[in-house]
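Chemist: Next up is a structure, given as structure tokens.
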Amino acid sequence: MRIDLHAHSTASDGTDTPAELVRNAAAAGLDVVALTDHDTTRGHAAAVAALPEGLTLVTGAELSCRLDGVSMHMLAYLFDPEEPALLAERELVRDDRVPRARAMVARLNELGVPVTWEQVARIAGDGSVGRPHVASALVELGVVPTVSDAFTQDWLADGGRGFVEKHETDPFEALRLIKGAGGVAVFAHPAAAKRGRTVQEASIADLAAAGLDGIEVDHMDHDEDTRARLRGLAKELGLLTTGSSDYHGSRKTCVLGEYTTDPEVYGEITRRAFGAFPVPGAGGA
Ligand SMILES: [Zn+2]
Ligand SMILES: [Zn+2]
């Protein structure tokens, strides 16, 4: 069984529509794929409608959090999308995305980069606008060669010259909300140092004590040593470990199924969740 528990669509900053994403997941030989757009469940219905036979969809989202000034992402799986408290928090985070992207454009203009809000909005399309869209605009303008090159201190990395903070949820509050909506919480790419500062191991222990279910270990932003260290930490703390592509379509280089999650861990995630169930594909349009 091949299981990829982290993928983005055009509902946030991926380049595949939700329907394209599930078709590509089936074509990549996956048995299970999770749709985890940033702070939104908007792509779920279209993904379910297009779900090919033989592919199971895990509904989810990747929630923007911040702990002690450090941005971090929390994957939430199989929560009830209608549960009001978690829904309200997702909206709060999303509503802040447009003013924040506009503020980054203004900051880049001050740095002499002729990026416009119209350009960023066009790149985002109807997805919830985020930093990768601003990064893509910098690539279009020839300021940097790739999106990754925009995530530096010169440009858009945390604390970088063009960076603007956004509303992010306290992760302990996020855990409370995810659990309250029947979901399972996995800390995404916890040691992805090239994205900026990462949270301390002691904080991961505190999150584990507060109900965190697992950490994402096999991820493109973790090298072998980091993975080994995280696996040890997870064992110590009794956390599940997952592996995922964090697929963004053509916006990033990783491919669906590049990293996968152990079927036993997947089984445990589905056992713990009670907000939603995995959706088996019935051969969508
Ligand atoms: Zn992330
Ligand atoms: Zn992601």
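According to my numbering, the sequence shown is numbered sequentially starting from 11.
Positions of the beta carbon are idealized from the N, C-alpha and C atoms, including for glycine.
Bear in mind that the values here come from a model prediction, so they are computed numbers and not experimental data.
#1: Grab me the residues of Val144's own chain with a C-beta within less than 8 Å of its C-beta, minus the 5 sequence neighbours each way, in chain order.
#2: Relative to the C-alpha of Ala220, which residue among Ala202, Gly152, His199 and Gly190 is closest?
#3: For Glu302, name the three-state secondary structure that DSSP assigns.
#4: Go to Ala198, then tell me how far its beta strand (DSSP E) extends in each direction, as first and last residue.
#5: Check the C-beta distance from Ala216 over to Tyr269 and give it rounded, since I have them as a contact under 8 Å.
#6: Are the CB atoms of Leu85 and Thr46 nearer to each other than 8 Å?
#7: Return the bridge partner residues of Gly267 from the DSSP annotation.
#8: What runs of the alpha helix (DSSP H), each 4 residues or longer, lie entirely inside the region 81-144?
#9: Across which residues does DSSP place Ser74 in a beta bridge pair?
#10: Any heavy atom of ligand 2 closer than 7 Å to the beta-carbon of Glu226?
#11: Three-state secondary structure (DSSP) at Asp164?
#12: Helix, strand or coil for Thr251? Go by DSSP, reduced to three states.
#13: For the alpha helix (DSSP H) holding Ala55, just list the boundary residues, first then last.
#14: Among Gly135, Val194 and Val149, which has the Cα closest to the Cα of Val108?
#15: Quick one: does the C-beta of Glu178 sit closer than 7 Å to a heavy atom of ligand 1?
#16: Output the distance between the C-alpha atoms of Glu150 and Thr263, rounded to the nearest integer angstrom.
#17: In whole angstroms, give me the CA-to-CA distance for Pro181 and Arg76.
#18: Based on the DSSP output, what are the partners of Leu45 in its beta bridges?
#19: Within the same chain, show all residues whose beta-carbon is closer than 8 Å to that of Ala283, passing over the 5 residues directly before and after it, in chain order.
#20: Evaluate Ser260 with the Cβ neighbour count: other Cβ atoms within 10 Å of its Cβ, from every protein chain shown; 16 or more gives buried, anything less gives exposed.
#21: Under 8 Å, do Asn80 and Thr208 count as touching if we go by C-beta distance?
#22: Would you say the beta carbon of His199 is closer than 7 Å to some non-hydrogen atom of ligand 1?
Modeler: Put simply:
#1: Ala111, Met114, Val115, Leu118, Val125, Val130, Ala160, Leu166 and Gly172
#2: Gly190
#3: Here the chain comprises residues numbered 11 to 295, so residue 302 is not present and cannot be evaluated.
#4: Val194 to Ala198
#5: Here the sequence assigns Asp to residue 216, which means Ala is not the residue at that position. That pair is no contact at about 26 Å.
#6: yes
#7: Its beta-bridge partners do not exist; DSSP assigns none.
#8: 94-105, 107-120 and 127-134
#9: His83
#10: no
#11: coil
#12: strand
#13: His54 to Ala59
#14: Gly135
#15: no
#16: 17 Å
#17: 7 Å
#18: Thr69
#19: Tyr87, Leu88, Phe89, Gly192, Gly193 and Val194
#20: exposed
#21: Before going on, a small fix: residue 80 reads as Val here, not Asn. Against a cut-off of 8 Å, the Cβ pair of Thr208 and Val80 comes out as a contact.
#22: yes
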